[in-house]
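Note that our numbering has the sequence shown beginning at 618, numbered continuously upward. For each residue, glycine too, the CB sits at the ideal point set by N, CA and C.
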Amino acid sequence: MKSKTSVIIGSIFAAYVAFVAVIVLVYEPTPDEMNWEDRQAYLNQKVNDLTLGQDITEVRAMLGKADFSEAKTLDTHQLQVLFYRTHHEKSDGITTKGECTPLIFKNNKLIAWGTDTYKQYLEAGTDTSLNTSNEARLANE
Numbered sequence: 618m619k620s621k622t623s624v625i626i627g628s629i630f631a632a633y634v635a636f637v638a639v640i641v642l643v644y645e646p647t648p649d650e651m652n653w654e655d656r657q658a659y660l661n662q663k664v665n666d667l668t669l670g671q672d673i674t675e676v677r678a679m680l681g682k683a684d685f686s687e688a689k690t691l692d693t694h695q696l697q698v699l700f701y702r703t704h705h706e707k708s709d710g711i712t713t714k715g716e717c718t719p720l721i722f723k724n725n726k727l728i729a730w731g732t733d734t735y736k737q738y739l740e741a742g743t744d745t746s747l748n749t750s751n752e753a754r755l756a757n758e
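Right, dumping it as structure tokens:
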């Protein structure tokens, strides 16, 4: 009786160890499940892998939930900006837009990313009689 119990307990333990090993080797956390340092490094790497024209759904699946977002309509185009934290500035426990890389989408397609293009986005107001050169530049991208 004692030897059967030992075999059963040993088998259960071996199965448990095998299960844990498979989980540890195969499981990859999503960006939303990572701690802030790992998520920041992951996002910094993944932003470098982006390509113009990617769909917003594909980008969200790859990068996870954005830290901030903005949207506006320009003529007949829908513009949206998603901000992902990619660098650390200050240890205050708060993520700011200054620590994020902005990704700009037009009609759900990635048209630009980075601080300089975000400044152009901000300059392109929603009133078509104002800033027409900036609006035309964003609308044609």
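Mark K723 as exposed unless 16 or more other C-beta atoms lie within 10 angstroms of its C-beta, in which case mark it buried.
buried
In the DSSP output, which residue or residues are listed as bridge partners for D672?
K726
By the three-class DSSP mapping on this structure, what secondary structure does E687 have?
Reduced to three states, the DSSP call for E687 is strand.
Would you kindly report the start and end of the unbroken alpha helix (DSSP H) that includes L660?
Segment W653 to V664, the alpha helix (DSSP H) holding L660.
Thinking just about the alpha-carbon of each residue, which of T734, N665 and K707 is nearest to the one in P719?
The option with the nearest alpha carbon to P719 is T734.
Hey, does G670 have any beta-carbon neighbour from chain C nearer than 8 Å?
Of the chains in the structure shown, none is chain C; there is only one protein chain.
Option in K707, I721 and R702 with minimal Cα separation from K682:
Of K707, I721 and R702, the residue nearest in Cα terms is R702.
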